[in-house]
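Number of protein chains: 2
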Amino acid sequence: MSGLSTSRRRLIQGAGVGAGAVVAVGAGFAGGRASADAADIPATDDGELVDLNVEHAFYTGSHQAGIETPQQRHTVFMTFDLTTTSKQDLQVLLARWSAGIAQLQAGLPVGSVQPTNPSGVPGDTGEAYDLGPASLTVTLGLGPGVFDDRFGLADKKPKLLADLPQLPSDRLRPELTGGDLSLQACADDPQVAYHAIRDLARLGRGTVNTRWTVMGFGRASAGKGQTTPRNLMGFKDGTRNVKEPAQIDEHVWLDGTDGEQAWMSGGSYMVARKIQMNIEIWDSSDITNQEQVFGRTKGEGAPLSGKKEFDTPDFHKVVDGKPAIPPTSHVALAAPENNDGIRILRRGYNYTDGINDLGFLDAGLLFVAYMNDPDSFVKLQTKLGGSDKLNEYIAHIGSGIFAVPPAPKKGHYLGEALFA
Amino acid sequence: MSGLSTSRRRLIQGAGVGAGAVVAVGAGFAGGRASADAADIPATDDGELVDLNVEHAFYTGSHQAGIETPQQRHTVFMTFDLTTTSKQDLQVLLARWSAGIAQLQAGLPVGSVQPTNPSGVPGDTGEAYDLGPASLTVTLGLGPGVFDDRFGLADKKPKLLADLPQLPSDRLRPELTGGDLSLQACADDPQVAYHAIRDLARLGRGTVNTRWTVMGFGRASAGKGQTTPRNLMGFKDGTRNVKEPAQIDEHVWLDGTDGEQAWMSGGSYMVARKIQMNIEIWDSSDITNQEQVFGRTKGEGAPLSGKKEFDTPDFHKVVDGKPAIPPTSHVALAAPENNDGIRILRRGYNYTDGINDLGFLDAGLLFVAYMNDPDSFVKLQTKLGGSDKLNEYIAHIGSGIFAVPPAPKKGHYLGEALFA
Chain A
1 MSGLSTSRRR
11 LIQGAGVGAG
21 AVVAVGAGFA
31 GGRASADAAD
41 IPATDDGELV
51 DLNVEHAFYT
61 GSHQAGIETP
71 QQRHTVFMTF
81 DLTTTSKQDL
91 QVLLARWSAG
101 IAQLQAGLPV
111 GSVQPTNPSG
121 VPGDTGEAYD
131 LGPASLTVTL
141 GLGPGVFDDR
151 FGLADKKPKL
161 LADLPQLPSD
171 RLRPELTGGD
181 LSLQACADDP
191 QVAYHAIRDL
201 ARLGRGTVNT
211 RWTVMGFGRA
221 SAGKGQTTPR
231 NLMGFKDGTR
241 NVKEPAQIDE
251 HVWLDGTDGE
261 QAWMSGGSYM
271 VARKIQMNIE
281 IWDSSDITNQ
291 EQVFGRTKGE
301 GAPLSGKKEF
311 DTPDFHKVVD
321 GKPAIPPTSH
331 VALAAPENND
341 GIRILRRGYN
351 YTDGINDLGF
361 LDAGLLFVAY
371 MNDPDSFVKL
381 QTKLGGSDKL
391 NEYIAHIGSG
401 IFAVPPAPKK
411 GHYLGEALFA
Chain B
421 MSGLSTSRRR
431 LIQGAGVGAG
441 AVVAVGAGFA
451 GGRASADAAD
461 IPATDDGELV
471 DLNVEHAFYT
481 GSHQAGIETP
491 QQRHTVFMTF
501 DLTTTSKQDL
511 QVLLARWSAG
521 IAQLQAGLPV
531 GSVQPTNPSG
541 VPGDTGEAYD
551 LGPASLTVTL
561 GLGPGVFDDR
571 FGLADKKPKL
581 LADLPQLPSD
591 RLRPELTGGD
601 LSLQACADDP
611 QVAYHAIRDL
621 ARLGRGTVNT
631 RWTVMGFGRA
641 SAGKGQTTPR
651 NLMGFKDGTR
661 NVKEPAQIDE
671 HVWLDGTDGE
681 QAWMSGGSYM
691 VARKIQMNIE
701 IWDSSDITNQ
711 EQVFGRTKGE
721 GAPLSGKKEF
731 DTPDFHKVVD
741 GKPAIPPTSH
751 VALAAPENND
761 GIRILRRGYN
771 YTDGINDLGF
781 LDAGLLFVAY
791 MNDPDSFVKL
801 QTKLGGSDKL
811 NEYIAHIGSG
821 IFAVPPAPKK
831 GHYLGEALFA
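First to last, the protein sequences are chains A and B. Residue 1 is where the first sequence starts when you use the working numbering, and the numbers rise one by one after that. Residue 421 is where the second sequence starts when you use the working numbering, and the numbers rise one by one after that.
Below, the structure is given as structure tokens:
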């Protein structure tokens, strides 16, 4: 409970005064406020600062940025359909996007904002002109369509790249599904992320059409240490995520020893899902139900077998004759201990689409995960979708799968080795 | 051109290498990159930091926060329809919302995130539990419907509160128009702003239904000084905005000397408009057209009669026999010099709704403005909507008008004086 400033303590007391005053106009009100006492106040470091001028290199020659990179606060994810059947058009597109991403990650425009020729059309749309790099990363994915019979690249197809099978939780909408190419921009400023995708879409005009998109937000790190972000169900999401370099090497990267296409060495696979949450129904459910669904406490995020967020879940612990962590809970179903050690690197963001036709809040999670075998996702989601208690409150409405090539060296472009 | 770090200079050079390499795969590419040379790099302070733990007081006893407050980076705006006809229900709602806003602005939950009773329903949805206040402000507005015959408050109706007339640029959609009540949450974290509106909507359940909402973003201040934010047309928006306290006193606040309802003293009026921009059509227009539409340069944002952003526009300056600033430009049409001194305090945000049915980017501006006479907006918009060259590229699709009461003192609630 560090970092609770004097001003915050004062305000907690002030809120009590406000609650008292309010009782005069209606009963049943003070209770809600009164419960928000000091015990409910989480630790927050005073003076938490976000540096908006961090740059990530593009021409690493190894992995693309935006996967192992510490998760930024905002994302714009978009998929595209190729409208060309020319292999050279695809090459030019990937080269243009590569040079564009390199500029954008450096905080630079992709063309002139202010052309000197009076009849010139600005090469960059300009809305991020003075905003700095803001930790921007843009990560490219190649969908199964790149390797169909349009471009003569079938023999270069990544070994494990295939459309996902029908999964138990699928309520997929065709307009939110698929794509020949994907771009995920992540940044600590939403306007920087949006500008990147907008200008890359513009660079691709005539070669690609937009397909589906999600704009997402989340705060992943706070103050001095990593704080696990919370989803819109109010629970921490990512406590057991893959974080250590050795784990990432084992579960995320292709390394040339896996019988995979040589040009994919240093790359990965990415699965994206738009998961709609019925948050107002969730909000009316009681704390025991909510915690049994996740298998964790809500405030601390501790497994129901333990006390602290990072306590290792004990799936064998029994309390009052029942497992402390229900076998149907999300943490039990997804745990590597219960799935032959399967792990995926999740990089999800919350989203909101405002209000739906029924007047309810329309919101959810853009689930994005990287892994060196997409079957890891299929196995986990088959299990989760089949019996996860969470399914009463969510629906998978969007989906895509993409091969993620390695980053180029200077003088080269994303996916160049595909055409060698 | 201060603050261009060594690392950024290095990356500018690096980008040149990338562009050169790309020429190998396709002609017509290098030109776009090559133009993004050092002259195109705006000044950005290195190490720009956003402090996410700033708190704004609620019980000021004078003006509501979120109007004169330095503009935060994110907003969630929502309007609501009252489903009750009981005056007491309305009082209870305003009291609950007031106590809730006081908690939220202090970075506190509105109820228990982790109830101790196992069958208790969490009083707060929890997604902002450990995020801090993040400069949150929530500003309440009362629409014309509050003063219709449902609540017996007709004699307390703010003198100038009335539905806006049909305006020349209107393409209003009924589902994005009106509302008996409005809440604008602004914060430097989108999850904090979303959480505030979500939990206030929840506190209002049974008394209000949601009507329309917009989530917006924008970066308003950078580093050491104010930087004018850019809209999604890439132009600075707000250079001549009302900023000085004396201007705000003159143009924004009701002060009891204006024949207005006494309970509104210290309050204001607010107009909200959802303005859709056809940004892809805009992006294909040339720089001269773009600058003639706004009456300003794109990069610097200088009036076309001057050199620097904050140069006062000279509407009488003639170049080559024509006005330097076209009389049909946005800056000329909206200038106080050309409108009997009318000024309004704008507090707009960019928004995106993703991709529309035609595959185009669906985006625009949530225009929010505060003023002590809503006729100021009507006069300006009548002029802009009638002849603004910008109208080829925009459509006003959402609209609302609200009376903004003053903030309560401790022990009281928003709008309480209305019921005295």
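In this text, a Cβ means the ideal position worked out from N, Cα and C, and glycines have one as well.
Spatial neighbours of residue i within its chain, please: C-beta separation below 7 Å, excluding the five flanking residues on both sides.
i                      : result
residue 210 of chain A : 78, 80 and 201
residue 802 of chain B : 587 and 588
residue 756 of chain B : 762 and 763
residue 478 of chain B : 485, 521, 522, 525 and 827
residue 651 of chain B : 657, 770 and 785
Which residues of chain A have a Cβ atom closer than 7 Å to the Cβ of residue i, listed in chain order?
i                      : result
residue 637 of chain B : 190 and 191
residue 698 of chain B : Chain A residues near residue 698 of chain B: none, gap ~13 Å exceeds 7 Å.
residue 779 of chain B : 209 and 210
Going by the beta-carbon positions, is the gap between residue i and residue j smaller than 9 Å?
i                      : j                      : result
residue 138 of chain A : residue 108 of chain A : no
residue 332 of chain A : residue 279 of chain A : no
residue 553 of chain B : residue 475 of chain B : yes
residue 82 of chain A  : residue 181 of chain A : yes
residue 647 of chain B : residue 130 of chain A : yes
residue 64 of chain A  : residue 418 of chain A : no
residue 721 of chain B : residue 659 of chain B : yes
residue 819 of chain B : residue 692 of chain B : yes
residue 505 of chain B : residue 571 of chain B : yes
residue 840 of chain B : residue 683 of chain B : yes
residue 252 of chain A : residue 164 of chain A : no
Using a cut-off of 8 Å between C-beta atoms, extract the partners of residue i located in chain B.
i                      : result
residue 368 of chain A : Going along chain B, no residue has its Cβ under 8 Å from residue 368 of chain A, so there is no contact; the nearest lies around 16 Å.
residue 213 of chain A : 774 and 775
residue 283 of chain A : 541, 542, 545 and 622
If you draw a straight line from the C-alpha of residue i to the C-alpha of residue j, how long is it?
i                      : j                      : result
residue 534 of chain B : residue 515 of chain B : 24 Å
residue 656 of chain B : residue 376 of chain A : 47 Å
residue 185 of chain A : residue 661 of chain B : 32 Å
residue 793 of chain B : residue 573 of chain B : 21 Å
residue 128 of chain A : residue 580 of chain B : 39 Å
residue 560 of chain B : residue 809 of chain B : 34 Å
residue 116 of chain A : residue 708 of chain B : 10 Å
residue 199 of chain A : residue 73 of chain A  : 20 Å
residue 825 of chain B : residue 294 of chain A : 42 Å
residue 790 of chain B : residue 592 of chain B : 20 Å
residue 719 of chain B : residue 616 of chain B : 36 Å
residue 203 of chain A : residue 339 of chain A : 43 Å
residue 313 of chain A : residue 597 of chain B : 50 Å
residue 727 of chain B : residue 717 of chain B : 9 Å
CB of residue i to nearest heavy atom of the ligand SAM: below 8 Å?
i                      : result
residue 320 of chain A : Ligands in the displayed structure: none, and consequently the ligand SAM is not present.
Roughly how far, in whole angstroms, is the beta-carbon of residue i from the beta-carbon of residue j, given that I think they are within contact range, below 8 Å?
i                      : j                      : result
residue 638 of chain B : residue 649 of chain B : 4 Å
residue 283 of chain A : residue 545 of chain B : 6 Å
residue 735 of chain B : residue 562 of chain B : Going by Cβ atoms, the distance from residue 735 of chain B to residue 562 of chain B rounds to 38 Å, so no, they are not a contact pair.
residue 329 of chain A : residue 292 of chain A : 6 Å
residue 265 of chain A : residue 256 of chain A : 4 Å
residue 470 of chain B : residue 136 of chain A : Not really, about 16 Å apart at Cβ, beyond 8 Å.
residue 156 of chain A : residue 261 of chain A : 6 Å
residue 286 of chain A : residue 805 of chain B : The Cβ separation is near 51 Å, so there is no contact.
So with CB distances below 9 Å, who are the chain B contacts of residue i?
i                      : result
residue 49 of chain A  : 469, 470, 471, 472 and 473
residue 346 of chain A : Neighbours of residue 346 of chain A on chain B: none; closest Cβ ~17 Å, over 9 Å.
Can you list the residues of chain B that residue i reaches, using a CB-CB cut of under 7 Å?
i                      : result
residue 241 of chain A : Chain B residues near residue 241 of chain A: none, gap ~17 Å exceeds 7 Å.
residue 114 of chain A : 707, 717, 718 and 719
residue 198 of chain A : 781
Using a Cβ-Cβ cutoff of less than 6 Å, which residues in the same chain neighbour residue i once the five nearest sequence positions on both sides are dropped?
i                      : result
residue 531 of chain B : 543 and 544
residue 695 of chain B : 784, 785, 787, 814 and 816
residue 744 of chain B : 724, 725 and 737
residue 610 of chain B : 494
residue 391 of chain B : Since the first residue shown for chain B is 421 and the last is 840, residue 391 of chain B is missing from the structure and cannot be characterised.
residue 590 of chain B : 816
residue 233 of chain A : 282
List the residues of chain A that residue i touches, going by C-beta distances under 8 Å, in chain order.
i                      : result
residue 383 of chain B : With chain B running from 421 to 840 in the structure shown, residue 383 of chain B is simply not present.
residue 540 of chain B : 286 and 287
In chain C, what lies closer than 7 Å to residue i by C-beta?
i                      : result
residue 614 of chain B : The question asks about chain C, but that chain is absent: this structure's protein chains are A and B.
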